[in-house]
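**Q** Below: one structure in structure tokens.
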Amino acid sequence: MRQLFSYILKQYFFFLFLLLEIFAVSLIVQNNYQGASFYNSTNKFTGSIFSTFDNINAYFHLKKANTELVEENAMLRNLVESSYIKGDSIRKTYSKDSLYQFIGAKVISNTINKRKNYLMLDKGSKHGIKKEMGVISPKGILGTVIEVSENYSTVMSVLHINNKVSARIKKNRHMGGMIWDGNNYRKGLLTDIPTHVNLVKGDTVITSGNSHVFPEGIEIGIVEEYLRKPGDKFNTAIIDYSVDYNNLFYAYIITNLKRDEIEQLDSLVNNEE
Amino acid sequence: MRNSLLINIIRFLILVPVQVLILNNINFSGYINPYLYVYFILLLPFEIPGWLLLFSAFAMGYGIDLFSHTPGLHTAATVLMAFSRPLVIRSVGSRKDYESGMQPNIRDMGIVWFLTYSVILIFIHHLAFFYLEVFRFSNFFDTAERAIFSTVFTLIFVIIAQYLFGGRSK
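Residue numbers (this note's numbering), protein chains in the order written: chain R, 6 to 278; chain P, 3 to 172.
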């Protein structure tokens with residue numbers, strides 16, 4: 006026993022290294038397979054520092070952020086009641102029983118250069134944010150909330166190699182899965198397109214609405230190139246994202262008001278299988 | 003010795019915010035990102051005891067991890083880099099002109115020594131970092147390519163830092 010101790014003492018540099026390395030790798034593994042408990046404990050601390058820095062940084066981008074918000078206001082103005090002829094039947098389907106609610110938030114930290122990118126928003130459980138809510142920007146989708154603290158929330162960005170969004174081609178309503186390969190932050194891949202579907206450059210890709218996270222019809226991007234491989238069951242297309250992920254200021258967190266009901270129904274079906 | 007301790011603590015306190023608030027937002031061609039914070043490990047004095055070297059690396063890596071949404075990644079890579087440092091110094095070092103009180107920088111050790119020393123250590127760090135980040139060996143060459151390009155950019159930043167702030171004569 007004594008010899009063992011003296012051996013460890015002599016080789017302490019190696020054993021200390023081993024100990025620290027095991028701790029670090031266990032953090033990584035835990036995070037890869039069990040979700041993100043690390044963020045929950047650190048959100049509170051880092052969130053306040055990032056929001057201070059962002060307050061300073063935001064002044065330099067006020068003009069661009071304003072333009073974006075004005076554009077969106079104009080778009081929304083087109084949708085409000087006064088813009089419709091009275092008695093318009095389309096309008097009624099919107100006002101009754103609305104399914105989605107939007108909570109505005111500010112992006113206080115954001116990365117694009119990793120293969121697993123995250124955003125941090127300045128709204129948290131206090132404001133009604135929960136895990137697995139969708140997040141969009143005025144121009145398109147951003148990601149999904151994965152961790153919430155009291156005042157802040159962490160979002161798994163669309164630019165995350167494990168992220169998959171159910172998407173639809175706008176013109177013919179065919180479905181596909183939107184993924185990111187970890188390389189160029191301006192381009193994603195639309196996978197699982199049936200071979201008989203024809204796509205051309207410039208076709209719009211939107212959210213499918215099947216996941217209950219995003220409403221249907223939020224823009225994702227436009228087709229840049231359609232990759233056909235003879236013999237494959239499914240084709241892939243390169244998509245130009247409509248959002249510049251390097252340039253984010255405001256975001257909307259989406260609450261699905263019927264989420265519990267939908268999940269309950271889903272679990273009933275899954276139990277029967 | 004006390005002076006050197008103070009300098010290193012200050013260097014630590016400057017490099018963490020510089021890395022997370024400024025450099026993490028820099029991308030060359032989309033995904034190449036300089037990790038200047040390893041400069042702290044490179045410049046620790048030669049005489050530093052092993053346990054302090056490892057703990058400094060651990061503190062640095064963990065500090066960066068806290069702010070970068072990368073639990074454990076920077077910690078693991080930086081500790082590995084610190085672990086290999088004594089070995090790299092032994093194998094690169096031209097032992098004959100080594101005197102006590104010398105620091106591992108361009109001024110004391112010369113540009114050739116410093117470049118070899120930095121390239122090896124930075125590359126170890128980046129290789130570990132990028133492979134742990136994907137956590138798989140598919141896309142092997144893609145990941146290696148990232149490590150190589152990022153090493154070049156980190157090295158450029160390290161050398162700029164050396165010439166900007168390391169120039170004070172004794």
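Cβ coordinates follow ideal geometry from the N, Cα and C atoms, glycine included.
In this text the structure is predicted, and so the values were computed from the model without any measurement.
Among GLU135/P, MET62/P and ILE122/P, which has the Cα closest to the Cα of ASN10/P?
**A** To locate residue 10/P, count along the second sequence from 1; it is residue 8. ASN10/P has its Cα closest to that of MET62/P, out of GLU135/P, MET62/P and ILE122/P.
**Q** If you follow the alpha helix (DSSP H) that MET161/R is part of, which residue opens it and which one closes it?
**A** Residue numbering aside, residue 161/R sits at position 156 when the first sequence is read from its first letter. That residue, MET161/R, is in no alpha helix (DSSP H); its beta strand (DSSP E) goes 158 to 165.
**Q** Please give me, in chain order, every unbroken run of the alpha helix (DSSP H) with length at least 4 that falls completely inside the stretch 6 to 92 of chain P.
**A** If we require 4 residues or more, the alpha helix (DSSP H) runs fully inside the stretch 6 to 92 of chain P come out as 41 to 44 and 52 to 70.
**Q** Residues of chain R with CB closer than 7 Å to the CB of GLY65/P, please, in chain order.
**A** For the purposes of this step, residue 65/P is taken as residue 63 along the second sequence, with counting starting at 1. Chain R residues near GLY65/P: none, gap ~11 Å exceeds 7 Å.
**Q** Is there contact here, the stretch 144 to 157 of chain P with the stretch 121 to 132 of chain P, by at least three beta-carbon pairs under 8 Å?
**A** Yes, the stretch 144 to 157 of chain P touches the stretch 121 to 132 of chain P.
**Q** With a threshold of 8 Å on Cβ separation, who are the neighbours of GLY52/P within its own chain once the five nearest residues in sequence on each side are excluded?
**A** By one-based count along the second sequence, residue 52/P stands at place 50. So the list reads PRO88, once near-sequence residues are dropped.
**Q** Listed from N- to C-terminal order along the chain, which residues in the stretch 19 to 40 of chain R have their beta-carbon within a distance smaller than 7 Å of any beta-carbon of chain P?
**A** If the cut-off is 7 Å between Cβ atoms, the stretch 19 to 40 of chain R has LEU21, PHE22, LEU25, GLU26, ALA29, VAL30, LEU32, ILE33, ASN36 and ASN37 near chain P.
**Q** Under 7 Å Cβ-Cβ, which residues of chain R neighbour ALA78/P?
**A** Start at 1 with the first residue of the second sequence, and residue 78/P comes out as number 76. Per Cβ cutoff of 7 Å: GLU26, ALA29, VAL30 and ILE33.
**Q** Per DSSP, what kind of secondary structure is LYS101/R in: helix, strand or coil?
**A** For the purposes of this step, residue 101/R is taken as the residue at position 96 of the first sequence. Any reading at LYS101/R needs caution, since the residue's pLDDT is 46, under 50, leaving its predicted position unreliable; the model's value is listed next. Coil, per DSSP.
**Q** Less than 8 Å between the CB atoms is what I'm expecting for THR212/R and VAL170/R, so what's the real figure, rounded?
**A** Translated into positions along the first sequence, residue 212/R becomes position 207. Translated into positions along the first sequence, residue 170/R becomes position 165. About 7 Å; that satisfies the 8 Å criterion.
**Q** Kindly indicate which three-state DSSP category THR118/P falls into: helix, strand or coil?
**A** Counting from one through the second sequence, the residue named residue 118/P turns up at place 116. It is helical.
**Q** For ILE223/R, which of ASN167/R, ALA172/R, ASN188/R and LEU25/R has the nearest alpha-carbon?
**A** Taking the first sequence and counting its residues from 1, one reaches residue 223/R at position 218. It is ALA172/R whose Cα lies nearest to the Cα of ILE223/R.
**Q** Between which residues of its own chain and HIS66/R is the CB-CB distance below 7 Å, once the five residues before and five after are set aside?
**A** Residue 66/R sits at position 61 when you count from the first residue of the first sequence. These residues qualify, in order along the chain: PHE254.
**Q** Which partner residues does SER114/R have in the DSSP bridge list?
**A** For the purposes of this step, residue 114/R is taken as the residue at position 109 of the first sequence. Per DSSP, MET125/R.
**Q** Pick helix, strand or coil for ASP186/R, following the three-state DSSP scheme.
**A** Within the first sequence, residue 186/R is the residue found at index 181, counting from 1. Residue state, collapsed to three classes: coil.
**Q** Any beta carbon from chain R within less than 9 Å of ALA59/P's own beta carbon?
**A** As a first step, residue 59/P is located in the second sequence; it is residue number 57 there, counting from the start. Chain R contact via Cβ: present.
**Q** So what's VAL140/R in DSSP terms, helix, strand or just coil?
**A** Start at 1 with the first residue of the first sequence, and residue 140/R comes out as number 135. Of the three classes helix, strand and coil, the one that applies to VAL140/R here is strand, per DSSP.
**Q** What do you get for LYS69/R, buried or exposed, if any count of 16 or more other CB atoms within 10 angstroms of its CB means buried?
**A** By 1-based counting over the first sequence, the position of residue 69/R is 64. Classification of LYS69/R: exposed, given that the 10 Å Cβ count is below 16.
**Q** Assuming the contact rule is C-beta atoms closer than 8 Å, ILE227/R and MET183/R should be a hit. Round their C-beta distance to whole Å, please.
**A** Position 222 of the first sequence, counting from 1, holds the residue named residue 227/R. Position 178 of the first sequence, counting from 1, holds the residue named residue 183/R. Their Cβ separation, rounded to whole angstroms, is 12 Å, which puts ILE227/R and MET183/R out of contact at 8 Å.
**Q** Per DSSP, TYR231/R forms a beta bridge with which residues?
**A** Position 226 of the first sequence, counted from the start, is the residue given in the question as residue 231/R. Its beta-bridge partners are ALA242/R.
**Q** From ASP93/R to VAL218/R, what distance separates their C-alpha atoms?
**A** As a working mapping, residue 93/R is identified with position 88 in the first sequence. As a working mapping, residue 218/R is identified with position 213 in the first sequence. Residue confidence is low: ASP93/R scores 47 on pLDDT, short of 50, so the model does not pin down where it sits. No coordinate-derived value is stated.
**Q** Might you give, ordered along the chain, the residues of its own chain that have their beta carbon closer than 8 Å to the beta carbon of THR98/R, omitting 5 neighbours on each side?
**A** Translated into positions along the first sequence, residue 98/R becomes position 93. Its pLDDT being 44, under 50, THR98/R is placed unreliably by the model, and nothing is read from it.
**Q** If you draw a straight line from the C-alpha of LYS172/P to the C-alpha of ALA79/P, how long is it?
**A** The residue given as residue 172/P occupies position 170 in the second sequence. The residue given as residue 79/P occupies position 77 in the second sequence. Because the pLDDT of LYS172/P is 39, which lies under 50, any placement of that residue in the model is unreliable, and the question is left without a value.
**Q** Check the Cβ of PRO73/P against every Cβ in chain R and list those closer than 7 Å, keeping chain order.
**A** Locating residue 73/P in the second sequence gives position 71, counting from the first residue. Within chain R, the residues near PRO73/P are LEU32, ILE33, ASN36 and PHE43.
**Q** Would you kindly work out how many angstroms separate the C-alpha atoms of SER142/R and ASP59/R, rounded to a whole number?
**A** As a first step, residue 142/R must be located in the first sequence, where it is residue number 137. As a first step, residue 59/R must be located in the first sequence, where it is residue number 54. In a straight line, the C-alpha of SER142/R is about 17 Å away from that of ASP59/R.
**Q** Assuming ILE258/R and VAL150/R make a contact with CB atoms under 8 Å, what is their CB distance in whole Å?
**A** Locating residue 258/R in the first sequence gives position 253, where the first residue counts as 1. Locating residue 150/R in the first sequence gives position 145, where the first residue counts as 1. Their Cβ separation, rounded to whole angstroms, is 7 Å, which keeps ILE258/R and VAL150/R in contact under 8 Å.
**Q** Going by other Cβ atoms of all chains shown within 10 Å of its Cβ, with 16 needed for buried, is PRO199/R buried or exposed?
**A** Translated into positions along the first sequence, residue 199/R becomes position 194. It is exposed - the Cβ of PRO199/R has fewer than 16 other Cβ atoms within 10 Å.
**Q** In whole angstroms, what separates the C-alpha of SER140/P from that of ASP186/R?
**A** By 1-based counting over the second sequence, the position of residue 140/P is 138. By 1-based counting over the first sequence, the position of residue 186/R is 181. Cα to Cα, SER140/P sits roughly 12 Å from ASP186/R.
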